[in-house]
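Engineer: Okay, handing you the structure first.
Protein chains: 2
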Amino acid sequence: MITLKILGCGGGMPMINRFLSSTLIHYQGKKILLDCGEGTQVAMRNNKTGFKNIDIICITHLHGDHIFGLPGLLSTMGNSGRTLPVTIIGCIGIRDAVKGLLSTIAYLPFELIIIENPKNPLSITHSSHRLVVEEYSIVNEAEIILNILELDHSSSCMGFRFDIIRKAQFNPEKAIALNIPKQFWSTLQKGQTVSYDNKVYEPNMVLENKRKGLKISYITDTRPIEAISDFIKGSTLFICEGTYGDDADLKKAIKNKHMTFSEAAGLAKSGEVKELLLTHFSTAIENAEIYKSFADDVFENTVIAYDGFVKKLSYKH
Amino acid sequence: MITLKILGCGGGMPMINRFLSSTLIHYQGKKILLDCGEGTQVAMRNNKTGFKNIDIICITHLHGDHIFGLPGLLSTMGNSGRTLPVTIIGCIGIRDAVKGLLSTIAYLPFELIIIENPKNPLSITHSSHRLVVEEYSIVNEAEIILNILELDHSSSCMGFRFDIIRKAQFNPEKAIALNIPKQFWSTLQKGQTVSYDNKVYEPNMVLENKRKGLKISYITDTRPIEAISDFIKGSTLFICEGTYGDDADLKKAIKNKHMTFSEAAGLAKSGEVKELLLTHFSTAIENAEIYKSFADDVFENTVIAYDGFVKKLSYKH
Numbered sequence: 001m002i003t004l005k006i007l008g009c010g011g012g013m014p015m016i017n018r019f020l021s022s023t024l025i026h027y028q029g030k031k032i033l034l035d036c037g038e039g040t041q042v043a044m045r046n047n048k049t050g051f052k053n054i055d056i057i058c059i060t061h062l063h064g065d066h067i068f069g070l071p072g073l074l075s076t077m078g079n080s081g082r083t084l085p086v087t088i089i090g091c092i093g094i095r096d097a098v099k100g101l102l103s104t105i106a107y108l109p110f111e112l113i114i115i116e117n118p119k120n121p122l123s124i125t126h127s128s129h130r131l132v133v134e135e136y137s138i139v140n141e142a143e144i145i146l147n148i149l150e151l152d153h154s155s156s157c158m159g160f161r162f163d164i165i166r167k168a169q170f171n172p173e174k175a176i177a178l179n180i181p182k183q184f185w186s187t188l189q190k191g192q193t194v195s196y197d198n199k200v201y202e203p204n205m206v207l208e209n210k211r212k213g214l215k216i217s218y219i220t221d222t223r224p225i226e227a228i229s230d231f232i233k234g235s236t237l238f239i240c241e242g243t244y245g246d247d248a249d250l251k252k253a254i255k256n257k258h259m260t261f262s263e264a265a266g267l268a269k270s271g272e273v274k275e276l277l278l279t280h281f282s283t284a285i286e287n288a289e290i291y292k293s294f295a296d297d298v299f300e301n302t303v304i305a306y307d308g309f310v311k312k313l314s315y316k317h
Numbered sequence: 001m002i003t004l005k006i007l008g009c010g011g012g013m014p015m016i017n018r019f020l021s022s023t024l025i026h027y028q029g030k031k032i033l034l035d036c037g038e039g040t041q042v043a044m045r046n047n048k049t050g051f052k053n054i055d056i057i058c059i060t061h062l063h064g065d066h067i068f069g070l071p072g073l074l075s076t077m078g079n080s081g082r083t084l085p086v087t088i089i090g091c092i093g094i095r096d097a098v099k100g101l102l103s104t105i106a107y108l109p110f111e112l113i114i115i116e117n118p119k120n121p122l123s124i125t126h127s128s129h130r131l132v133v134e135e136y137s138i139v140n141e142a143e144i145i146l147n148i149l150e151l152d153h154s155s156s157c158m159g160f161r162f163d164i165i166r167k168a169q170f171n172p173e174k175a176i177a178l179n180i181p182k183q184f185w186s187t188l189q190k191g192q193t194v195s196y197d198n199k200v201y202e203p204n205m206v207l208e209n210k211r212k213g214l215k216i217s218y219i220t221d222t223r224p225i226e227a228i229s230d231f232i233k234g235s236t237l238f239i240c241e242g243t244y245g246d247d248a249d250l251k252k253a254i255k256n257k258h259m260t261f262s263e264a265a266g267l268a269k270s271g272e273v274k275e276l277l278l279t280h281f282s283t284a285i286e287n288a289e290i291y292k293s294f295a296d297d298v299f300e301n302t303v304i305a306y307d308g309f310v311k312k313l314s315y316k317h
């Protein structure tokens, strides 16, 4: 099961009653943070998420409302006893941005691994007590495949899709029938071949067909370009910016390279996602719920995010 | 009259119910901000202070809890229509720190004037619709003289003292008795000499002796070094860090280069200030009021700051 928490759902500037857009993915005892505007660490305190187990931070783009919280959060993670490396994944310029933002920090007690503008999917796996990010290859048994899409905003901006792989089920009856010694079962379950006593045991001898995992897409900030529909296709959850609620604000959305609720819902529909979660509301929106019908008219299964909103996603049997 | 607002009174990390230490001085329609940790712009929204008229930002030192709010605040000031230059005054390294923190900001609609580690007092005057900062000289008719003291913290750190000058009173009876034409009265009142019709009119012909102004001292973060007592001598208000409330935490205070309440009160006493305002409380302090007696035992006129605390200072007749 995956738990997602919306730490904040605001865009542009931090407000009194709304933190800036940021989402925390809880995955098997570890955390992946998506965007980190000013105040994200306070939102994390509010939600009692803890600071130590954040292994990966994905930054969509370098606008302040998505990145200015980074130096404070990393300092606080250091103060909270973090010593394991932290991986930051971001668009073109992320390396210089982090260098600049952290220039006054004399020392962090952990290594920062920065992956700038990756062109190919990345694999995420548990290793060395943390989530490790590497270039994805077929050989690589990724737990999560992180896919990236270039978006259409006023600065270079990346959309993310997390394909959470569900392990193939091990069939003990087949293993018994084939006389495979029990000591090799866990190795085969991990997808690795075993050679022993002139015999070769292949994973497909004991594993059932792969089961359907989960797809979480995160798209902010951007105009609703066509490529997004394919990218998010069939997502279990599609987290998308809805900077403007009312269709009447379409001109502003076009000018500022953002989306209206109904445009986001249009992507949800063409992308055939299970559920749309709207976030990143303009500072002019006090209560986003009142604009919900603009999305509902296009895509029925829409939820309006709020700070502290929690979503649990389970595998379907 | 001067109004001061404590925007936040926390030290170390931003907390849910306490903003980081920051003070806003309202002076004749303009504002001077002292320190800017993560969330200071939100504290300003909380206090409805507005963002446009902040002419000067003084940064004591480069630790995150005093500076990480700067990129966000400056962005928001730009979004709020600021076009007049903003002066930032800070310790050694402030120029590089600002450059780094602002490296992702493509454009600010105002000029930043940075004064790094000034060695001599500065003068602050109204000019060109803003408060202008220059090196202080006797000739210069400063409205405020800003004095700076090197403190004793774990990084280079500056204490500030604002000497707010009260203009000498104009005596119209003297001017009438000396037959000084009315058209020159305002020039003389400004302290400038007038030559007209072979006559020379000096300001001291019509101005009474200078009246006592106000002294506001701002000392954080530091150990209580001796030089502070002289620096703050006779202050109307002495804003001082009290990171630790209990005397039992003296060892921590020494180790982390901070002060206890009683140490700050000791400075208030030896500096013969009118009033001590304690701020910059450790994250371990939930309610600073319960430690007040540690200060009171040393210096009677102590006030414990809280977020949103307002102090109005008037000239004494």
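Protein chains in written order, with the UniProt record's numbering: chain A, 1 to 317; chain B, 1 to 317. Here a beta-carbon is modelled for each residue, glycine too, at the ideal position from N, C-alpha and C. From a predicted model like this one, the values you see are computed outputs, not experimental measurements.
Pick helix, strand or coil for residue 98 (chain B), following the three-state DSSP scheme.
Structural biologist: Counting from one through the second sequence, the residue named residue 98 (chain B) turns up at place 98. Three-state result, residue 98 (chain B): helix.
Engineer: Can you give me the Cβ contacts of residue 191 (chain A) inside the same chain, cut-off strictly under 6 Å, excluding the 5 residues immediately before and after it?
Structural biologist: Within the first sequence, numbered from 1, the residue matching residue 191 (chain A) stands at position 191. So the qualifying residues of the chain are 141 and 203.
Engineer: State the start and end residues of the unbroken beta strand (DSSP E) segment that holds residue 86 (chain B).
Structural biologist: The residue you call residue 86 (chain B) lines up with position 86 of the second sequence. Element bounds for residue 86 (chain B): 86-90.
Engineer: Quick one: using the 10 Å Cβ neighbour count with 16 as the cut-off for buried, is residue 268 (chain B) buried or exposed?
Structural biologist: On the second sequence, position 268 is the one that residue 268 (chain B) refers to. So residue 268 (chain B) ends up on the buried side.
Engineer: In the DSSP assignment, find the unbroken beta strand (DSSP E) run with residue 310 (chain B) in it and report its ends.
Structural biologist: Position 310 of the second sequence, counted from the first residue, corresponds to residue 310 (chain B). Run containing residue 310 (chain B): 310-313, per the beta strand (DSSP E) assignment.
Engineer: Using the C-alpha atoms, what's the distance from residue 47 (chain B) back to residue 319 (chain A)?
Structural biologist: There is simply no residue 319 (chain A) to check, as chain A begins at 1 and stops at 317 in what is shown.
Engineer: So the candidates are A:49, A:16, A:255 and A:148; which of them puts its Cα closest to the Cα of residue 59 (chain A)?
Structural biologist: The residue labelled residue 59 (chain A) in the question sits at position 59 within the first sequence. The residue with the shortest Cα to Cα distance from residue 59 (chain A) is A:148.
Engineer: Going along the chain, which residues of its own chain have a beta-carbon closer than 7 Å to the beta-carbon of residue 108 (chain B), five neighbours each way excluded?
Structural biologist: Mapped onto the second sequence, residue 108 (chain B) falls at position 108. So the qualifying residues of the chain are 74 and 78.
Engineer: Using the Cβ count rule (16 or more neighbours within 10 Å means buried), how would you classify residue 38 (chain A)?
Structural biologist: Translated into positions along the first sequence, residue 38 (chain A) becomes position 38. Result: buried.
Engineer: Just to confirm my understanding: we take residue 286 (chain A), look at its own chain, exclude 5 residues before and 5 after, and list those with CB closer than 7 Å. What are they?
Structural biologist: As a position in the first sequence, residue 286 (chain A) is number 286, starting the count at 1. Correct list: empty, nothing qualifies.
Engineer: Whose C-beta lies closer than 6 Å to the C-beta of residue 216 (chain A) among residues of the same chain, with five residues either side of it excluded?
Structural biologist: Locating residue 216 (chain A) in the first sequence gives position 216, counting from the first residue. Around residue 216 (chain A): 162 and 237.
Engineer: Considering only residues of the stretch 92-168 of chain A, which uninterrupted beta strand (DSSP E) runs meet the minimum length of 3 residues and lie entirely inside it, listed in chain order?
Structural biologist: Those beta strand (DSSP E) runs which fall completely within the stretch 92-168 of chain A and span 3+ residues are 112-116, 122-127, 130-135, 144-150 and 158-166.
Engineer: So is residue 42 (chain A) in contact with chain B if we call contact Cβ pairs under 8 Å?
Structural biologist: Position 42 of the first sequence holds residue 42 (chain A). It does; some Cβ of chain B falls within 8 Å.
Engineer: Between residue 145 (chain B) and residue 117 (chain B), is the Cβ-Cβ spacing less than 8 Å?
Structural biologist: The count along the second sequence starts at 1 and reaches residue 145 (chain B) at position 145. The count along the second sequence starts at 1 and reaches residue 117 (chain B) at position 117. No, they are not a contact pair.
Engineer: Under three-state DSSP, which class holds residue 42 (chain B)?
Structural biologist: As a first step, residue 42 (chain B) must be located in the second sequence, where it is residue number 42. Correct three-state label for residue 42 (chain B): helix.
Engineer: What is the rounded straight-line gap between the Cα of residue 264 (chain B) and the Cα of residue 87 (chain A)?
Structural biologist: For the purposes of this step, residue 264 (chain B) is taken as residue 264 along the second sequence, with counting starting at 1. For the purposes of this step, residue 87 (chain A) is taken as residue 87 along the first sequence, with counting starting at 1. Cα-Cα distance, rounded: 42 Å.
Engineer: Taking C-beta pairs closer than 8 Å, name the residues in chain B that residue 130 (chain A) reaches, listed in chain order.
Structural biologist: Looking up residue 130 (chain A) in the first sequence gives position 130. Result: empty, since nearest Cβ-Cβ is about 23 Å, beyond 8 Å.
Engineer: Among the candidates A:27, A:17, A:49 and A:62, whose CA atom is the shortest distance from the CA of residue 36 (chain A)?
Structural biologist: Position 36 of the first sequence, counted from the first residue, corresponds to residue 36 (chain A). Minimum Cα distance to residue 36 (chain A) is reached at A:62.
Engineer: Does the distance from the C-beta atom of residue 301 (chain B) to that of residue 275 (chain B) stay below 8 Å?
Structural biologist: Translated into positions along the second sequence, residue 301 (chain B) becomes position 301. Translated into positions along the second sequence, residue 275 (chain B) becomes position 275. Cβ distance < 8 Å, so residue 301 (chain B) and residue 275 (chain B) count as in contact.
Engineer: When every heavy atom of the ligand GDP is checked, does at least one fall within less than 7 Å of the C-beta of residue 273 (chain B)?
Structural biologist: No copy of the ligand GDP occurs in the structure displayed, which carries no ligand at all.
Engineer: With DSSP as the reference, label residue 10 (chain B) as helix, strand or coil.
Structural biologist: Here residue 10 (chain B) refers to the residue found at position 10 when the second sequence is read from its first residue. Of the three classes helix, strand and coil, the one that applies to residue 10 (chain B) here is strand, per DSSP.
Engineer: So the beta strand (DSSP E) residue 225 (chain A) belongs to, where does it begin and stop?
Structural biologist: Taking the first sequence and counting its residues from 1, one reaches residue 225 (chain A) at position 225. Careful: residue 225 (chain A) lies outside any beta strand (DSSP E) and carries neither H nor E.
Engineer: Scan the stretch 20-78 of chain B and note each continuous beta strand (DSSP E) run of 3 residues or more that stays entirely inside, going in chain order.
Structural biologist: The qualifying runs are 22-27, 30-34 and 54-59.
Engineer: Considering only the alpha carbon of each residue, which of A:231, A:156 and A:17 lies closest to residue 283 (chain A)?
Structural biologist: One-based indexing of the first sequence puts residue 283 (chain A) at position 283. Nearest of A:231, A:156 and A:17 to residue 283 (chain A), Cα basis: A:17.
Engineer: Should residue 178 (chain A) be labelled buried (16 or more other beta-carbon atoms within 10 Å of its own) or exposed?
Structural biologist: By 1-based counting over the first sequence, the position of residue 178 (chain A) is 178. Label assigned to residue 178 (chain A): exposed.
Engineer: Can you give me, in chain order, the residues of the stretch 83-105 of chain B that have a beta carbon less than 9 Å from any beta carbon in chain A?
Structural biologist: Residues passing the 9 Å Cβ filter: 93, 96, 97, 99, 100, 101, 102, 103, 104 and 105.
Engineer: I need the straight-line Cα distance from residue 3 (chain A) to residue 10 (chain A), nearest angstrom please.
Structural biologist: On the first sequence, position 3 is the one that residue 3 (chain A) refers to. On the first sequence, position 10 is the one that residue 10 (chain A) refers to. Computed Cα separation, rounded: 20 Å.
Engineer: So, with DSSP's three-state summary, where would you put residue 279 (chain B)?
Structural biologist: Counted from its first residue, the second sequence places residue 279 (chain B) at position 279. Looking at residue 279 (chain B) - three-state DSSP - the assignment turns out to be strand.
Engineer: To the nearest angstrom, report how far apart residue 112 (chain A) and residue 316 (chain A) are at their CA atoms.
Structural biologist: In the first sequence, the residue the question calls residue 112 (chain A) occupies position 112. In the first sequence, the residue the question calls residue 316 (chain A) occupies position 316. Using only the alpha carbons, I get a separation of about 36 Å.
Engineer: With 16 other CB atoms within 10 Å as the buried threshold, where does residue 169 (chain A) fall?
Structural biologist: As a first step, residue 169 (chain A) is located in the first sequence; it is residue number 169 there, counting from the start. So residue 169 (chain A) ends up on the exposed side.
Engineer: Who are the neighbours of residue 77 (chain A) on chain B, taking C-beta pairs under 8 Å?
Structural biologist: As a working mapping, residue 77 (chain A) is identified with position 77 in the first sequence. What residue 77 (chain A) touches in chain B: nothing, since even the nearest Cβ is about 11 Å away.
Engineer: In whole angstroms, give me the CA-to-CA distance for residue 100 (chain A) and residue 99 (chain B).
Structural biologist: Here residue 100 (chain A) refers to the residue found at position 100 when the first sequence is read from its first residue. Here residue 99 (chain B) refers to the residue found at position 99 when the second sequence is read from its first residue. One C-alpha to the other measures close to 7 Å.
Engineer: Which of the three DSSP states is assigned to residue 242 (chain A) in this structure?
Structural biologist: By 1-based counting over the first sequence, the position of residue 242 (chain A) is 242. Residue 242 (chain A): coil per DSSP, three-state reduction.
Engineer: Kindly provide the ranges of any alpha helix (DSSP H) runs that are 4 or more residues long and lie completely inside the stretch 172-207 of chain A, ordered along the chain.
Structural biologist: Counting only runs of 4 or more, we get 172-177 and 185-189.
Engineer: So, does the CB of residue 67 (chain A) fall closer than 8 Å to a CB anywhere in chain B?
Structural biologist: Here residue 67 (chain A) is taken as the residue at index 67 of the first sequence, counted from 1. Closer than 8 Å: yes.
Engineer: Output yes if chain A places a C-beta closer than 8 Å to the C-beta of residue 45 (chain B); else output no.
Structural biologist: Against the second sequence, residue 45 (chain B) aligns to sequence position 45. Yes - at least one Cβ of chain A is within 8 Å of the one on residue 45 (chain B).
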